[in-house]
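Peer 1: When we follow our numbering, the leftmost residue of the sequence shown carries the number 36, and every step to the right adds one.
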Amino acid sequence: MKDEVEIVAGWQQGAIGDIVAMHSRYYALHWNFGPYFEAKVASELAAFVRDRHRSASQLWCAVD
36 MKDEVEIVAG
46 WQQGAIGDIV
56 AMHSRYYALH
66 WNFGPYFEAK
76 VASELAAFVR
86 DRHRSASQLW
96 CAVD
């Protein structure tokens, strides 16, 4: 039986860290991206979440 994944709109605790970690591991493995990339993703994602009320953009998280 497959576990259900819930899609949740809005910021969730740990979302920024989890997304950054997944991006960092994937791009390090497949493209040799390093710490600059990880820091850039973290910075940009944090700014997006911080300023999300200023635009129509949303953060959607898949929670299992």
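Just so it is clear, CB atoms sit at the ideal spot from N, CA and C, and this is done for glycine as well. Since we're looking at a predicted model, the values are computed, not measured.
Cutting at 6 angstroms between CB atoms, please list the residues of its own chain near glycine 45, excluding the five before and the five after it.
Peer 2: Cβ within range, chain order: n/a, list empty.
Peer 1: Enumerate in chain order the residues of its own chain whose CB-to-CB distance from isoleucine 51 is below 8 angstroms, with the five nearest sequence positions on each side excluded.
Peer 2: Taken in chain order, the residues that qualify are Ala77, Leu80, Ala81, Val84.
Peer 1: How many angstroms separate the CA atom of aspartate 38 from the CA atom of alanine 63?
Peer 2: Looking at the two C-alpha atoms, the distance is approximately 28 angstroms.
Peer 1: Would you call the CB atoms of glutamine 47 and valine 98 closer than 8 angstroms?
Peer 2: Cβ atoms of glutamine 47 and valine 98: closer than 8 angstroms.
Peer 1: Apart from the five residues just before and just after valine 43, which ones in its own chain have a Cβ nearer than 6 angstroms to its Cβ?
Peer 2: Once the five neighbours on either side are set aside, the close Cβ partners of valine 43 are Cys96, Val98.
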